[in-house]
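**Q** The sequence shown begins at 17 in my numbering and counts up one residue at a time. Here it is: the structure, laid out below.
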Amino acid sequence: MKVLKTIGNCCLVFLCVISLCVIIGFVYYHYFVKDITIGVNNIDNQVGLDIQEVLKSEDLTEEEKDELKDRYFLEVNYYSNDKGNGIQLQELRMNYFTSYRLTSADYRSTGMQYLGDYKGLPLDTWDGNSEVKFGNPFGNNDRYYGTSDTAVGIANNYVDKSFNYYDSTNGINFNGVTNENGSIATELKRTTNFIVKIDNRAFAVTLDKYFDKDVGDVRNIFGIGWKVGDTYNRYYYTYGSLFQSCMQAVRTNSASYGDYYITVDLSSLFSIREFDTETGKYKYDDVTDIIKTYSVLKFHYDENGARASSQSMFGIIDNNSKYDLNEDKIDTSYWQERMTYNLDEKSRLRGEEIFAYRYSEVYDGYFVSLTMDAKKLFGEIPRAKVNVTFDLNADLFKGKEMKIVGLDYDAFNGVELDMLTVKGTAQTFFFLDNSLLNTDVKTVRHSRSIILDGLEKATNTEFAEVVL
């Protein structure tokens with residue numbers, strides 16, 4: 017009997033220990049271990065749902081389909097002026113919808129343009145007590161005082177005056193901002209909502225994020241740092257923050273100059289809400305712990321400077337659609353004696369290819385020429401000269417399975433050329449009639465393995481032929 021009692025006491029103690037461990041484990045899990053759910057939103061192309069049906073038509077060419085599909089929430093146009101032949105131009109455009117229906121009839125775009133290299137900083141406010149001080153949003157070092165609600169109100173309604181703002185509808189760009197009430201422009205401030213398409217559903221995105229930086233006093237007591245007080249700076253992001261971050265991404269891209277697509281993380285800047293078809297309202301996600309928002313960013317990055325309004329994605333520079341014709345509006349500190357443009361197969365004009373390609377069954381390949389828009393542009397720019405380089409083995413041509421066999425009829429007729437370079441492996445490169453007429457081309461360079469055919473009859477000027 018005594019043995020059974022001893023065994024029972026041992027079992028009781030053992031069960032108590034197990035129970036205590038279970039309780040400790042439950043408390044630890046409840047307070048310290050939390051399940052985290054992560055939601056991911058990918059803002060891809062912003063093509064209308066009706067256009068997606070049109071793209072299925074067999075009547076459209078591949079080029080027409082590519083043009084219709086090439087619409088993204090974020091687009092950047094960046095002329096760095098690294099060549100010192102124009103002005104530095106930075107542009108950001110947001111393509112979105114004006115309705116949850118997500119059709120092409122609801123297309124709208126709003127953009128920002130800056131002449132130079134934008135170096136703005138986020139608007140900052142100090143929060144804490146009923147009386148707080150907050151930074152002056154108008155760009156100087158003065159300080160204002162007011163309640164935290166006042167500070168937040170100023171931050172949310174702040175619009176940076178450093179930019180030119182443009183709206184786009186039906187292919188027309190305009191600046192509807194005025195200095196008085198009654199502006200017809202879309203204001204890029206923190207309270208502005210944009211409707212975007214994600215997985216063919218409507219979402220509203222809002223640039224309303226901020227971050228806090230602790231600035232409480234830290235005092236040394238007995239060699240240990242102790243924080244005194246609970247003071248922090250609150251930094252409110254603005255569209256200037258988005259603009260600066262996008263330009264930094266483009267400037268530091270590993271592919272350098274050209275036209276590319278990257279995916280950027282907008283989670284720290286934008287909040288996102290999905291449209292509820294039952295209530296007709298946009299609702300926040302109150303279930304997911306972490307929401308990540310990514311967006312495709314399409315950009316054109318150019319080593320040249322901007323010299324004509326046609327180089328702007330808005331067709332306007334500094335609110336002047338004829339910027340290239342009014343020389344008194346062009347900052348002459350950027351000028352050189354002549355404007356030099358270096359073109360290759362990747363060059364673009366307002367996001368579009370600067371070269372046109374025509375397939376010839378006779379030559380079993382493609383002939384190249386400047387587009388009409390490009391000819392018009394270079395014809396209107398005074399003292400412009402152009403250097404052209406064709407790499408016949410370029411990845412662009414390989415990817416499209418295009419064999420380039422020569423210059424088309426009147427390819428550069430009337431455009432002043434300084435140098436033409438043709439590189440690649442062994443083949444014959446043909447110059448059709450008048451392809452270099454009235455170009456005053458000075459030098460034609462080509463790889464040793466490339467044979468030039470018809471060059472003498474293609475131009476009416478003397479030139480030097482150089483073998484690479």
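Idealized CB from N, CA, C, for every residue including glycine.
1) With DSSP run on the structure shown, which of helix, strand or coil describes L359?
2) Whole alpha helix (DSSP H) runs in the segment 406-440 with 4 or more residues, listed along the chain?
3) Any idea which residues DSSP pairs K308 with across the strands?
4) Given this structure, state the Cα-to-Cα distance separating F445 from N358, to the nearest angstrom.
5) Distance, Cα to Cα, N173 vs T194?
6) Looking at C-beta atoms only, is the number of pairs between the segment 178-193 and the segment 80-87 that lie closer than 8 Å three or more?
7) Taking the C-alpha atoms as reference points, what is the distance between T387 and K308?
8) What's the gap between the Cα of A480 and the Cα of T459?
9) Keeping to the same chain, check which residues put their C-beta closer than 6 Å to that of F286; ignore five residues upstream and five downstream.
10) Using the Cα positions of G422 and F383, report the straight-line distance between them to the nearest angstrom.
11) Got a sec, what are the start and stop residues for the beta strand (DSSP E) Y255 sits in?
12) My assumption, with CB atoms under 8 Å, is that F219 sits in contact with E290. Please give the rounded CB distance.
13) So who's on the other strand from M110, going by DSSP bridges?
14) Quick one: what's got a C-beta closer than 6 Å to A474's C-beta in the same chain, skipping five residues either side?
15) State buried or exposed for G151, treating a residue as buried only when at least 16 other CB atoms are found within 10 Å of its CB.
16) Could you spell out the range, first to last residue, of the beta strand (DSSP E) harbouring A474?
17) Counting along the chain, where does the alpha helix (DSSP H) carrying I278 start and finish?
18) Label Y130 either buried or exposed according to how many other C-beta atoms from any shown protein chain fall within 10 Å of its C-beta, with 16 as the threshold for buried.
19) Compute the Euclidean distance between the alpha carbons of L471 and A442, then round it to the nearest angstrom.
20) I think A487 touches I333, with their Cβ atoms under 8 Å apart; what is that distance to the nearest whole Å?
21) The alpha helix (DSSP H) spanning L65 covers which residue range?
22) Compare the beta carbon distance of G381 and K439 with 7 Å and say whether it is the shorter of the two.
23) Take D133 as the anchor and find which of N93, S125 and S115 has the nearest alpha-carbon.
24) According to the neighbour-count rule (16 or more other Cβ atoms, all chains shown, within 10 Å of its Cβ), is E91 buried or exposed?
25) Would Y127 pass as a contact of G256 if the rule is Cβ separation under 7 Å?
26) Got a sec, what are the start and stop residues for the alpha helix (DSSP H) K85 sits in?
27) What does the alpha-carbon distance come out to for the pair T455 and N429?
28) Near L341, what residues of its chain come up, given a Cβ to Cβ distance below 6 Å and the 5 sequence neighbours on each side ignored?
29) With 16 other CB atoms within 10 Å as the buried threshold, where does C37 fall?
30) Would you call Q327 buried or exposed, if buried means 16 or more other Cβ atoms sit within 10 Å of its Cβ?
31) Answer with buried or exposed for R217, where buried requires no fewer than 16 other C-beta atoms within 10 angstroms of its C-beta.
32) Looking at N320 and N101, is the spacing between their C-beta atoms short of 7 Å?
33) Under a three-way DSSP split, which group does N454 fall into?
34) Alpha carbons only, please: which of I214, Y181, D469 and Y273 is nearest the one belonging to R109?
35) Please report the straight-line C-alpha distance between F227 and Y252, rounded to a whole angstrom.
36) Name the DSSP beta bridge partners of D228, please?
**A** The structure says:
1) As a working note, residue 359 is residue 343 in the sequence shown. Residue state, collapsed to three classes: strand.
2) 411-415
3) Taking the sequence shown and counting its residues from 1, the one referred to as residue 308 is at position 292. DSSP output for K308 lists V56 as bridge partner(s).
4) Within the sequence shown, residue 445 is the residue found at index 429, counting from 1. Within the sequence shown, residue 358 is the residue found at index 342, counting from 1. About 21 Å.
5) As a first step, residue 173 is located in the sequence shown; it is residue number 157 there, counting from the start. As a first step, residue 194 is located in the sequence shown; it is residue number 178 there, counting from the start. Whole-angstrom Cα-Cα distance: 16 Å.
6) no
7) One-based indexing of the sequence shown puts residue 387 at position 371. One-based indexing of the sequence shown puts residue 308 at position 292. Rounded to the nearest angstrom, the two C-alpha atoms are 42 Å apart.
8) The sequence position of residue 480 within the sequence shown is 464, counting from 1. The sequence position of residue 459 within the sequence shown is 443, counting from 1. In a straight line, the C-alpha of A480 is about 5 Å away from that of T459.
9) Along the sequence shown, read from residue 1 onward, the residue named residue 286 stands at position 270. Answer for F286: V221, L223 and T309, listed in chain order.
10) Counted from its first residue, the sequence shown places residue 422 at position 406. Counted from its first residue, the sequence shown places residue 383 at position 367. Taking the straight line joining both Cα atoms gives about 5 Å.
11) Position 239 of the sequence shown holds residue 255. No beta strand (DSSP E) holds Y255; the alpha helix (DSSP H) holding it covers Y255 to R267.
12) Here residue 219 refers to the residue found at position 203 when the sequence shown is read from its first residue. Here residue 290 refers to the residue found at position 274 when the sequence shown is read from its first residue. F219 to E290, Cβ: 5 Å. Contact.
13) Residue mapping note: residue 110 aligns to position 94 of the sequence shown, counting from 1. L90 and T126, per the DSSP bridge assignment.
14) The count along the sequence shown starts at 1 and reaches residue 474 at position 458. Here the set comprises F447, S451 and L452.
15) The residue given as residue 151 occupies position 135 in the sequence shown. Confidence is the limiting factor: at G151 the pLDDT is only 38, short of 50, which leaves the residue's position unreliable, though a coordinate-based value still follows. Buried is the call here.
16) Working through the sequence shown from its first residue, we reach residue 474 at position 458. Looking at the DSSP string, A474 is not in any beta strand (DSSP E); the run it does join, the alpha helix (DSSP H), is L471 to A474.
17) Here residue 278 refers to the residue found at position 262 when the sequence shown is read from its first residue. Counting along the chain, I278 falls outside any alpha helix (DSSP H), though it belongs to the beta strand (DSSP E) covering G274 to D281.
18) For the purposes of this step, residue 130 is identified with residue 114 of the sequence shown, where counting begins at 1. It is buried - the Cβ of Y130 has at least 16 other Cβ atoms within 10 Å.
19) Translated into the one-based positions of the sequence shown, residue 471 becomes position 455. Translated into the one-based positions of the sequence shown, residue 442 becomes position 426. Taking the straight line from one Cα to the other gives about 17 Å.
20) In this structure the chain extends from 17 to 484, so residue 487 is not present and cannot be described.
21) Within the sequence shown, the letter at position 49 stands for residue 65. Taken as a continuous stretch (DSSP letters only), the alpha helix (DSSP H) holding L65 covers L65 to V70.
22) Locating residue 381 in the sequence shown gives position 365, counting from the first residue. Locating residue 439 in the sequence shown gives position 423, counting from the first residue. Their beta carbons are not under 7 Å apart, which means G381 does not touch K439 by this criterion.
23) Counted from its first residue, the sequence shown places residue 133 at position 117. Checked all of N93, S125 and S115; the closest Cα to D133 is N93.
24) Residue 91 sits at position 75 when you count from the first residue of the sequence shown. Buried, by the Cβ-count rule.
25) Start at 1 with the first residue of the sequence shown, and residue 127 comes out as number 111. Start at 1 with the first residue of the sequence shown, and residue 256 comes out as number 240. It should be pointed out that residue 127 corresponds to Gly in this sequence rather than to Tyr. No, these two residues do not count as a Cβ contact at 7 Å.
26) The count along the sequence shown starts at 1 and reaches residue 85 at position 69. Run containing K85: E78 to K85, per the alpha helix (DSSP H) assignment.
27) Indexing the sequence shown from 1 puts residue 455 at position 439. Indexing the sequence shown from 1 puts residue 429 at position 413. Rounded to whole angstroms, T455 to N429 spans 6 Å at the Cα level.
28) Walking along the sequence shown from the start, residue 341 turns up at place 325. Bear in mind that the predicted position of L341 carries a pLDDT of just 44, short of 50, making it too unreliable to give a figure here.
29) In the sequence shown, the residue the question calls residue 37 occupies position 21. It is exposed - the Cβ of C37 has fewer than 16 other Cβ atoms within 10 Å.
30) Translated into positions along the sequence shown, residue 327 becomes position 311. Q327 is buried by the Cβ-count criterion.
31) In the sequence shown, residue 217 corresponds to position 201, counting from 1. So R217 ends up on the exposed side.
32) As a first step, residue 101 must be located in the sequence shown, where it is residue number 85. As a first step, residue 320 must be located in the sequence shown, where it is residue number 304. Yes, Cβ-Cβ distance for N101 and N320 is below 7 Å.
33) Here residue 454 refers to the residue found at position 438 of the sequence shown. The answer is coil: DSSP assigns N454 none of H, G, I, E or B.
34) The count along the sequence shown starts at 1 and reaches residue 109 at position 93. Nearest of I214, Y181, D469 and Y273 to R109, Cα basis: Y181.
35) The residue given as residue 227 occupies position 211 in the sequence shown. The residue given as residue 252 occupies position 236 in the sequence shown. Distance between the alpha carbons of F227 and Y252: 7 Å.
36) Translated into the one-based positions of the sequence shown, residue 228 becomes position 212. For D228, which the question treats as bridged, DSSP gives the partners R250.
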